[in-house]
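So the structure is just underneath, and the comments pick up after that.
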Amino acid sequence: MGLFLQMLTVFVTTVSLQGWLPLGCLDEERIALLQLKDSLNYPNGTSLPSWIEADANCCSWERIKCDSSTGRVIALHLEETRNEVLGDWYLNTSLFLPFQQLNALALWGNRIAGWVEKKGGYELQRLRNLDYLDLGSNSFDNGILSFVEGFPSLKSLYLYYNRLEGLIDLKGSLSGLEVLGFSGNNVNKLIASRGPSSLATLHFYNVTTYENSSKLLQSLGAFPNLTTLYLRYNDFRGRILGDELQNLSSLESLYLDYCSLDEHFLQSLGALPSLKNLSLQALSGNIPYRDFLDLKNLEYLDLSYNTLNNSIFQAIRMMTSLKYLNLHGCKLDGQIPIAQGFLNLKNLEFLDLSSNTLDNNIFQTIGLCDLNHLQELYMYDNDLSGFLPPCLTNLTSLQLLDLSFNHLKIPISLSPLYNLSKLTYFDGSNNEIYAEEDDHNLSPKFQLEFIFLSSRGQGAGAFPKFLYHQFNLQSLDFTNIQIKGEFPNWLIENNTYLHDLSLENCSLSGPFLLPKNSHMNLSFLSISMNYFQGQIPSEIGAHLSGLKVLFMSDNGLNGSIPFSMGNISSLQVLDLSNNSLQGHIPRWIGNMSSLKFLDLSVNNFSGRLPPRFDTASSNLRYVYLSRNKLQGPITKAFYNSSEMFALDLSHNNLTGSIPKWIDRLSNLRFLLLSYNNLEGEIPVQLYRLDQLTLIDLSHNHLSGNILSWMISTHPFPEQYNSYDDLSSSQQSFEFTTKNVSLSYRGTIIQYFTGIDLSCNNFIGEIPPEIGNLSMIKVLNLSHNSLTGPIPPTFSNLKEIESLDLSYNKLDGEIPPHLIELFYLEFFNVAHNNLSGKTPARVAQFATFEKSCYKDNPFLCGEPLPKICSAAMPLSPTPTSTNNEDDGGFMDMEVFYVTFGVTYIIVLLVIGAILYINSYWRRAWFHFIEASINNCYYFLVDNLPILSKF
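Under this note's numbering, the first residue of the sequence shown is numbered 20, with each subsequent residue one higher.
Okay, here's the thing in structure tokens:
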């Protein structure tokens, strides 16, 4: 009975607490956030799309953190929220007043120039809990200092890259600051006029002038409590830092990365009693190793991206307290004497020797294998070769080992590493991975979490047996290892924390096998470029419901896309290209609200495009449906896809016209509709897409005039960068350039610009405005019915590599200034009515053969055999003359002679036929006689009637 009462009490208490705990943010804070969004986006920005009035729980909105117990907003991360093109603006600080528990506010990179005129922004000072404020990369001047003095709890303040200058006085509440960032301003002195400051961390990057940096160093002695000092990107030549900083007895960490320093800069740094961490990345100038001899107490030393000689090890080996050493990219070679090695660094835990030219001798010459406390070892991008050194087994504390991008022979079994019981991360990618003849059944002591063995295509035979003993894997990459066999569904079943699995180009075959049970954590799966057959399992959506990225391209999969795939609500990237899938593109793709990248190209999908992608359409950015059997018109499937970045519907059987709603795709960069049966004129709405960098409408039945064209030459917008990094290897398109159809893939897409309107029925003249597209690389207007001259403005196409105007009806001369197109590799104006002299045989035009000009009967000059004579007019273009006969485009004298000769030949041929064939001769004379009689009786019958008139 007592136990029952206790359980009842717990139950009632739990229910009461659940009723008391907040279910969302406060209404007043939600309203203030919506008003703040409107202010940030004024007049037409689109930031913060998740901040919507229909969602009552603003704690789930992006860039917001709430207190788990009170539900109140405690952090707002609004950095780089306002679109830069909207210009400077003034912040209404009263919008922040409802956030009474706010302790962190980041507003950097929003081009704030000041406050809305009321109380000058002082409403913010009522936020008594605010201890972190970041106003960097805005447009504030020194007036901001009097404003920030009013925050009693402020501990961290960042005002980098504003318009501050001169002297900065940390008075008022600023004297309680612990972290201060003033980088990128024109500040020359820092003081604390009201007594000692508690400032512990100071950021002073990129001080404007050499004079300012000198004065700043002298003023830092007023802050004896400084423990961390960032002085990156400054010019300290001629200064001895130890003398300038000698009063900073508490200084523990000093960062001088990317500074300009001379050979004496380290003198007296050894006198700083508390200095433990020193970072000297990418210095301008040589590093004198003798000055390091006094820094024996260092625990952290970063010398990466410097040019070091081997003598530096004489000083480093004396730093017996060193725990962290970074020598990445220091041009070290394998000639390091053992006397200068790391034998004394018994406390070393982190060592980075990557991106040098070290060979296998490094393991012995510096005592590398004797570092028993070493936990992380980076040796990627060196000249290591042969087999893994056996002495690696001595590194019993090793947790991370990166040997990628070398010339090592690494057994896929990893048997040399079996004794490293603490090893959780191994990267051996881009080496030679091989299969041991005797793949033993021993169980390794390690439980790996991350393993990367992607290689250069060597064979391994089968999955290594040690994988059957791994249960903590989170990420595995065996790309380009020819393993063969079936899909290892057991690997997913054994590792419930596995989130990334890449088995691309592994020669796997058979059906794609699902794990027996649902696996919620797998978010990235790539099995492209294998030999999988059969259908995609119908239960894939239930068993792999946490997928965000799914690559299954270049296999032999058939059947339709399973319905359950539509239930993977988190899916962002879906690539099923280059398979044998068939059926209709399912309508339920519209329910995949997270989908951003869809590639179904090179399959056998048929039918019409789905009528509407509905929810997904607002997020879709990349759609590739080329080389299928799609039919019908382009519907409103992408009507709401304002974020659409690339649309490829080429090589299908689409009909109808280009829809007039095309301008709703305002962010469109790539539009490929080639090899379809589209007709009609290009809608004027298409010309309004000023973000386009590539458009291919070739091989259709389009007609009408080509209007003036605007095409963007800007790089990708920043908001797409993170996603492009994820999928850049998957993005591709076909485009004809230099008369060859090529496939473009990867980052080159970002810089490719071109227009292909070839093989259509366009008429009229070429708009001269096309010559304003100075960054375009490909222009193909061939196989149309264009008339008029080649615009002289084409000489402005300074970046063009391929220009094809062949098979049209162009006339006039070829603009001579085209020879200034120094990147032009392909040029074709054949099969036109051009006249006059060909461009001079200089620069790129010296490489073009006569085939580029053929079938222009009035062109002359090299490389054509026809020589331009002085008496010969350069162009038969109409001139201002009184002789009307000279106005035609052809030579009339030649025409009359040709016509007369042809007429005589026809008469002679008819006479010869009648002379040879008696039957045709009798029929001909009978026809003539009958015709004469008919004419006679016609005149006799009608002349009396005509005489009456």
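Ideal Cβ placement from N, Cα and C applies to all residues, glycine included.
The Cβ neighbour count for LYS56, taken over all protein chains shown within 10 Å, is at least 16; the residue is labelled buried. Its chain contains TRP127, GLY128, TYR180 as the residues whose beta carbon lies nearer than 6 Å to that of SER156, once the 5 sequence neighbours on both sides are disregarded; these appear in chain order. Residues ASN780, PHE781, ILE782, ASN827, LYS828 of the same chain have their beta carbon placed closer than 8 Å to that of SER804, with the five preceding and five following residues left out of the count. The alpha-carbon of TYR61 is positioned some 12 Å away from that of GLU103. Spatial neighbours of LEU314 in its own chain (CB-CB distance under 6 Å, excluding positions within 5 residues in sequence) are listed in chain order as GLY289.
For PRO409, the secondary structure class from DSSP, reduced to helix, strand or coil, is helix.
Going by C-alpha positions, LEU439 is about 14 Å away from ASP421.
Contiguous alpha helix (DSSP H) elements confined to the segment 573-646 occur at 633-636, taking only those with 4 or more residues.
When ARG82, VAL135, SER88, VAL92 are compared, the shortest CA-CA separation from TRP108 is found for VAL135. Just measuring C-alpha positions, the residue of ALA123, SER158, LEU164 sitting nearest ARG147 is ALA123. Boundaries for SER821: no alpha helix (DSSP H) harbours it, while the beta strand (DSSP E) harbouring it runs 821-823, taken from the DSSP string.
Listed in chain order, the non-local C-beta contacts of ASP402 below 8 Å within the same chain comprise GLY353, THR376, LEU377, ASP378, ASN425, HIS426, local neighbours out to five positions each way being set aside.
Within the segment 223-285, the complete beta strand (DSSP E) segments at least 3 residues long are 247-249, 272-274, listed from N- to C-terminus.
Residue nearest to LEU275 within the set GLY240, SER293, LEU327, HIS222 is HIS222 (criterion: CA-CA distance). Here DSSP, grouped into helix, strand and coil, assigns SER545 to strand. Boundaries of the alpha helix (DSSP H) around TRP509: 508-513.
For LEU110, the secondary structure class from DSSP, reduced to helix, strand or coil, is strand.
Rounded to whole angstroms, the gap between the alpha carbons of LYS856 and GLU832 is 7 Å. Counting only runs of at least 4 residues, the segment 376-405 fully encloses the following alpha helix (DSSP H) elements, listed from N- to C-terminal order: 381-384. In this structure, the beta-carbon distance from PHE255 to LEU280 falls below 7 Å.
Contact between ILE306 and LEU299 holds, with the beta-carbon distance rounding to 7 Å and staying under 8 Å. In this structure, the straight-line span from the alpha carbon of PHE469 to that of SER69 is close to 34 Å. Less than 7 Å separates the beta-carbon of LYS174 from that of ASP150.
The straight-line gap separating the alpha-carbon atoms of ASN111 and SER58 is approximately 8 Å. Contact check for SER717 and SER645: beta-carbon distance about 13 Å, past the 8 Å limit, so the pair fails to qualify.
Burial is judged here by how many other beta carbons sit within 10 angstroms of a residue's own beta carbon; LYS615 has at least 16 and is buried. The Cβ-Cβ distance between GLY386 and LEU362 falls below 7 Å.
In this structure TYR915 is exposed. Its beta-carbon is surrounded by fewer than 16 other beta-carbon atoms within 10 angstroms. Remark: C-beta atoms of SER661 and TYR694 do not approach each other more closely than 7 Å. In the three-state reduction of the DSSP assignment, GLN554 falls in the strand class. Going by C-alpha positions, SER216 is about 8 Å away from ALA241. A straight-line Cα-Cα distance of about 10 Å links LEU697 and SER722.
The alpha-carbon separation between THR812 and HIS836 amounts to approximately 9 Å. Listed as beta-bridge partners of GLY855 by DSSP are LEU878. Distances from the CA of GLY626 to each of ASN610, ILE604, ILE608 were compared; the closest alpha carbon is that of ILE604. Residue state for HIS518 is assigned as coil, using DSSP reduced to three classes.
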